[in-house]
Structure formats: C-alpha cells, structure tokens
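**Q** Let me give you the structure first, and then I'll get to my questions.
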Amino acid sequence: MRLEFPTKYEVDYPKENKKYYSQTYKKDIQRVLLEASKNYCMYCGKNLKIDSNFQFDIEHSIEKAGDEKNQKIDFLMHCKFNLSVACRSCNQIYKKRMIEKLKAEIIEKNINCSKLTCKTPCKEYLDIKKEYLNLNSIILQPMGVCFGENRQCKIEYDLLKHIFKPLIDEKTSVNEVNFIQEHISRFHLNREMFSECILEISEMIIVLIEEFGENISISSMIKVLSIQTYNNVIGEIYIKFIDHYFNDVKQLYEFCKLMIVIDYI
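FYI, the numbering for the sequence shown is 1 to 265, going by UniProt numbering.
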C-alpha cells in the first residue's frame with residue numbers, strides 16, 4: 001500500500017517575463033506557486049502556513065549563485081520557470097548542501113533572457129537544467145524531472161513501512177533509482193517523522209468510529225478530516241487514499257489500528 005508523493009506541480013504561469021525575484025514582482029510569482037503547491041513545500045511537503053502565518057522562501061531550482069570559478073555571478077535569478085516555494089530548511093540547508101556548480105562557459109552563454117513573454121521553458125533553460133542534473137541528483141521543482149521518454153521521476157510513501165522510497169517500474173534503471181534515493185536522502189524525507197500526520201488521521205478515524213459506531217459513513221469522516229490542518233501534504237494524500245479505497249467502516253477501523261501498531265514496531 002502506497003501513497004504517491006508530489007514531484008511535479010502544474011503552475012499557471014503569467015505570460016509576461018518580469019524580474020520575478022525582485023520585491024516589485026515577487027508576489028506575482030509567489031501567488032501562483034503557492035496555489036500550485038496548496039501551501040506546502042515543493043520539496044519535503046511541509047505545511048508552509050503556521051498559525052495563520054506563511055513561513056517559506058522563493059527558491060531557485062537551479063542555484064543562481066555563480067559557477068565553479070566565480071561565486072559572484074548571478075544567473076537565472078528572475079526566470080519564472082526556475083522559481084519554486086520551499087520551507088526554509090529545504091531552501092537554506094538541504095538543497096544547498098554539497099552542490100556541484102555549473103561550468104563557467106555554460107553560465108556565460110545563457111546568462112541573459114531577452115524574451116518579453118513565454119509560456120513554456122526555452123531550450124536554453126532546459127539545456128542548463130540537463131547539465132545541472134548531470135551534476136546533482138535533485139528532483140527540481142516545480143516542473144520535476146523526467147527519465148528517458150517523459151517518464152516522470154516519482155516518489156512513493158510506503159504505508160506499511162512508513163518510509164519514502166523511489167516509485168519504480170520495470171523500465172526504471174539502477175541509476176534512476178539511485179537518483180531518486182539521493183533526493184530522498186538530501187531532503188531528509190525519512191528523518192523528519194512525516195508519518196505523524198498519518199498517525200494523527202488514523203487516530204481521529206478510530207475515535208470517530210468508537211464514538212459514533214459503525215453506522216457513521218466514511219464520507220462523513222472524510223468531511224471532518226478534510227477541514228483539519230496537517231503538517232505535511234502527505235496527510236491530504238492519505239485522506240484521498242482512504243476515500244478511494246475504503247467503503248466498509250469496520251475494515252477502515254482495523255486498517256487504522258494497523259497503521260498505529262506498525263509505527264511502534
């Protein structure tokens with residue numbers, strides 16, 4: 001049993017190209033990125049809204065700072081396709097740790113953008129991204145990463161083991177598995193106890209069933225669960241999983257008890 005963790009986001013980008021990392025236009029890109037991520041970090045899934053206050057950074061997918069020789073050069077600073085929303089731990093610590101810089105000639109060749117409008121990433125940006133991914137195993141957001149012929153790089157949450165791991169199929173190579181696993185390790189997905197919201201939801205379901213009996217409908221429980229706030233996007237995904245796969249209250253009750261027992265083993 002697994003949940004698919006988000007590794008790509010559909011962003012409704014503005015058509016115009018502006019200096020989106022500047023204070024003047026940052027709110028424009030910030031709004032569409034938060035809408036796409038539903039106010040969660042695009043890398044670890046952490047809730048970015050705490051006690052009615054947003055705590056996040058506008059993050060550069062391909063790091064904007066310099067190259068292997070010159071740390072002072074900034075490039076792709078304002079490119080809208082190179083911006084995402086991330087919690088401060090992911091942006092300021094995990095994503096910047098042990099990063100390989102691009103070669104100077106790549107940056108010098110592609111440092112300026114002269115287009116006034118665009119709706120999709122240009123070839124120049126995609127070429128830079130490809131070079132960057134050859135150096136760094138990171139599922140860059142918000143567009144994610146594809147292997148081969150448009151096979152999206154994916155992560156799953158194993159409900160029975162309470163861990164994140166690569167979501168693979170028969171076409172996935174060893175190198176691709178290693179790429180995803182390095183991303184999981186970089187962002188500490190299995191160290192931050194994101195199973196807490198899974199347990200919280202499971203406990204709430206158990207309480208509801210014990211209080212109202214097996215006559216309570218699953219749809220009623222879903223409504224109650226859906227208005228709550230969770231510390232990670234995996235909580236919302238878990239609720240959708242329950243809504244999709246369960247139609248028997250007794251089976252759901254036993255499943256939720258199993259989730260709690262497994263976490264303590």
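Even for Gly, the Cβ is constructed at its ideal location relative to N, Cα and C.
Here the structure is a predicted model, which means the values were calculated and not measured.
1) Can you name, in chain order, every residue of its own chain whose Cβ lies under 7 angstroms from the Cβ of N91, other than the five neighbours on each side?
2) For D127, report the span of its alpha helix (DSSP H) as first-last.
3) Measuring only the C-alpha atoms, how far is Q30 from E211?
4) Tell me whether E170 sits in a helix, a strand or coil according to DSSP, three-state version.
5) Terminal residues of the continuous alpha helix (DSSP H) containing R31?
6) If I measure Cβ to Cβ from E176 and keep anything under 6 angstroms in the same chain, skipping five residues before and after, which residues do I get?
7) Relative to the C-alpha of L252, which residue among L102, G213, C153, T7 is closest?
8) Nearest to C87 by alpha carbon, out of N232, K257, I265, I260?
9) How would you write the range of the beta strand (DSSP E) that S84 sits in, first residue to last?
10) Going along the chain, which residues of its own chain have a beta-carbon closer than 7 angstroms to the beta-carbon of E196, five neighbours each way excluded?
11) Check whether the stretch 118-126 touches the stretch 96-107, taking contact to mean three or more Cβ pairs, one atom from each stretch, closer than 8 angstroms.
12) When burial is assigned at 16 or more other CB atoms within 10 Å of the CB, is V174 buried or exposed?
13) With a 10 Å radius around its C-beta and 16 neighbouring C-beta atoms as the bar for buried, classify V85 as buried or exposed.
14) Output needed for N136: all residues of its chain with C-beta closer than 7 angstroms, excluding positions within five of it in sequence on either side, in chain order.
15) Pull up the distance between the alpha-carbon of F54 and that of I155, whole angstroms please.
16) Given this structure, state the Cα-to-Cα distance separating Q152 from Y132, to the nearest angstrom.
17) Taking only the alpha-carbon atoms, compute the straight-line gap between I138 and I216 and give it to the nearest angstrom.
18) Between the alpha carbons of E200 and D263, how many angstroms are there, rounded?
19) Tell me the DSSP bridge mates of T117?
**A** On the basis of the data shown:
1) Here residue 91 refers to the residue found at position 91 when the sequence shown is read from its first residue. Answer for N91: D57, E59, listed in chain order.
2) Translated into the one-based positions of the sequence shown, residue 127 becomes position 127. Residues 123-135.
3) On the sequence shown, position 30 is the one that residue 30 refers to. On the sequence shown, position 211 is the one that residue 211 refers to. In a straight line, the C-alpha of Q30 is about 42 angstroms away from that of E211.
4) Within the sequence shown, the letter at position 170 stands for residue 170. Of the three classes helix, strand and coil, the one that applies to E170 here is coil, per DSSP.
5) In the sequence shown, counting from the first residue as 1, residue 31 sits at position 31. Note, R31: alpha helix (DSSP H), 26-37.
6) Taking the first residue of the sequence shown as 1, we reach residue 176 at position 176. If we look at E176 and ignore the five residues flanking it on each side, its Cβ neighbours are F147.
7) Start at 1 with the first residue of the sequence shown, and residue 252 comes out as number 252. The shortest C-alpha separation from L252 is found at G213.
8) Against the sequence shown, residue 87 aligns to sequence position 87. Among N232, K257, I265, I260, the Cα nearest to that of C87 is on N232.
9) For the purposes of this step, residue 84 is taken as the residue at position 84 of the sequence shown. Segment 83-86, the beta strand (DSSP E) holding S84.
10) Against the sequence shown, residue 196 aligns to sequence position 196. Only N231 meet the Cβ criterion.
11) no
12) Residue numbering aside, residue 174 sits at position 174 when the sequence shown is read from its first letter. The residue is exposed, with fewer than 16 neighbouring Cβ atoms inside 10 Å.
13) As a working note, residue 85 is residue 85 in the sequence shown. The residue is buried, with at least 16 neighbouring Cβ atoms inside 10 Å.
14) Reading the sequence shown from its first residue, position 136 is the one you call residue 136. Once the five neighbours on either side are set aside, the close Cβ partners of N136 are I99, E100.
15) Position 54 of the sequence shown holds residue 54. Position 155 of the sequence shown holds residue 155. In a straight line, the C-alpha of F54 is about 26 angstroms away from that of I155.
16) Counted from its first residue, the sequence shown places residue 152 at position 152. Counted from its first residue, the sequence shown places residue 132 at position 132. Q152 and Y132: Cα-Cα distance of roughly 17 angstroms.
17) Here residue 138 corresponds to residue number 138 of the sequence shown, with the count starting at 1. Here residue 216 corresponds to residue number 216 of the sequence shown, with the count starting at 1. Roughly 44 angstroms separates the two Cα atoms.
18) For the purposes of this step, residue 200 is identified with residue 200 of the sequence shown, where counting begins at 1. For the purposes of this step, residue 263 is identified with residue 263 of the sequence shown, where counting begins at 1. Straight-line Cα distance between these residues: approximately 12 angstroms.
19) Here residue 117 corresponds to residue number 117 of the sequence shown, with the count starting at 1. T117 pairs with E16.
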